[in-house]
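See below for the structure under consideration.
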Amino acid sequence: MVRCMHRTNIYLTDEQVAQLDRRARAEGVSRAELIRQLLDRLLHSDSDRLGADLAAIDMSFGLLTDVEIELDRTDGERGAHLERIATS
1 MVRCMHRTNI
11 YLTDEQVAQL
21 DRRARAEGVS
31 RAELIRQLLD
41 RLLHSDSDRL
51 GADLAAIDMS
61 FGLLTDVEIE
71 LDRTDGERGA
81 HLERIATS
């Protein structure tokens with residue numbers, strides 16, 4: 001597949017360049033190719049991750065109906081805060 005490429009310039013710190021070069025060398029690709037791969041992963045994973053997160057939330061609804069959680073409401077700061085807003 002032939003991709004149309006657009007050239008762009010970005011400013012990177014010395015540390016970013018060093019890390020990119022180490023990783024590119026380890027993977028046997030150029031710095032430019034590594035950046036393209038990282039961008040592809042980032043751009044394609046955001047929507048996938050959101051969908052997966054929402055599905056996990058939906059699937060988890062109601063799973064802990066038999067679990068009782070006791071809340072400690074003795075926090076003096078919370079009580080003091082409620083008292084302040086009640087009297088203002």
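Those letters in the sequence shown? Residues 1 to 88, by full-length UniProt numbering. Even for Gly, the Cβ is constructed at its ideal location relative to N, Cα and C. No experiment lies behind these values; they were computed from the predicted model shown.
By the CB criterion at 8 Å, residue 38 and residue 27 fall outside the cutoff.
The three-state secondary structure of residue 68, taken from DSSP, is coil. For the pair residue 67 and residue 85, the Cα-to-Cα distance works out to about 33 Å.
One thing to note: residue 31 has its Cβ no nearer than 8 Å to the Cβ of residue 43. Judged by DSSP in its simplified three-state form, residue 59 adopts helix.
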